[in-house]
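Chemist: Numbering (the numbering used here), first residue to last: 371 to 425.
So that we are looking at the same thing, I have put the structure below in structure tokens.
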Amino acid sequence: MFSFLICLALLIGGYFVYGGIVEKTFGPDDRETPAVKINDGVDYVVLPQWKLFMI
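In structure tokens, the structure reads:
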């Protein structure tokens with residue numbers, strides 16, 4: 371049980387450290403997504419908010 375808790379703590383710590391490194395390296399931007407920019411109704415379609423987490 372003790373080793374499980376250590377592994378869980380390392381996993382959570384790694385998540386935050388790696389997330390910080392990726393955010394500094396690539397960084398979020400304010401560009402439009404392709405679904406908004408080139409919405410053609412077939413290949414690029416904006417999903418409703420409630421469907422985003424069903425995929």
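Just so you know, even glycine gets a beta-carbon here, dropped at the ideal spot from N, CA and C.
If you draw a straight line from the C-alpha of glycine 411 to the C-alpha of leucine 422, how long is it?
Modeler: The count along the sequence shown starts at 1 and reaches residue 411 at position 41. The count along the sequence shown starts at 1 and reaches residue 422 at position 52. In this structure, the straight-line span from the alpha carbon of glycine 411 to that of leucine 422 is close to 17 Å.
Chemist: With DSSP as the reference, label threonine 403 as helix, strand or coil.
Modeler: Sequence index remark: in the sequence shown, residue 403 carries index 33 (1-based). Here threonine 403 sits in coil by DSSP.
Chemist: What residue range does the alpha helix (DSSP H) around tyrosine 388 cover?
Modeler: Along the sequence shown, one-based indexing puts residue 388 at 18. Its alpha helix (DSSP H) spans residues 372-395.
Chemist: To the nearest angstrom, how far is it from the Cα of aspartate 400 to the Cα of methionine 371?
Modeler: Your numbering for residue 400 matches position 30 in the sequence shown. Your numbering for residue 371 matches position 1 in the sequence shown. Approximately 44 Å between the Cα atoms of the pair.
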